[in-house]
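Student:
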Amino acid sequence: MAIKRIVSNRNSIVVKKLREQKLRAGLPFMINVDELSSNQCYLEYPNGIIKLVSVVPTSRDINVIKELSPFEANNLRKRLKFSN
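Using the numbering used here, the first residue of the sequence shown is number -7, and each one after it goes up by one.
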């Protein structure tokens, strides 16, 4: 059990660093969560906007399903323990 916790904490740190690097570079950060279908994810942009998108596998196009409200975006960040 303790080993799983250590690995989980290490993965969390790596993801947070990668997120910071992407956003600082002006690139969107892809957020995958279990409750979304396999072709959906969130994209967080450097300006703080988060969009729910779906990927069309055959064309690799991205369709925006919804732009999260600031409240929804902050709740997602809190849930994932990302800072603003």
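Even for Gly, the Cβ is constructed at its ideal location relative to N, Cα and C.
Tell me which residue opens and which closes the beta strand (DSSP E) that Glu59 is part of.
Tutor: Run containing Glu59: Asp53 to Glu59, per the beta strand (DSSP E) assignment.
Student: In three-state DSSP terms, what is Glu27?
Tutor: Three-state result, Glu27: coil.
Student: In its own chain, which residues sit with a C-beta less than 6 Å from the C-beta of Gly18, not counting the 5 before and 5 after it?
Tutor: The answer, listed in chain order, is Pro38.
Student: Between the beta-carbon of Leu101 and the beta-carbon of Leu72, is there less than 8 Å?
Tutor: The structure shown does not extend to residue 101, since the chain spans only -7 to 76, so no value can be given for it.
Student: Just mark Glu36 as buried or exposed, buried being the case when its beta carbon has 16 or more other beta carbons within 10 Å.
Tutor: Per the 10 Å Cβ criterion, buried.
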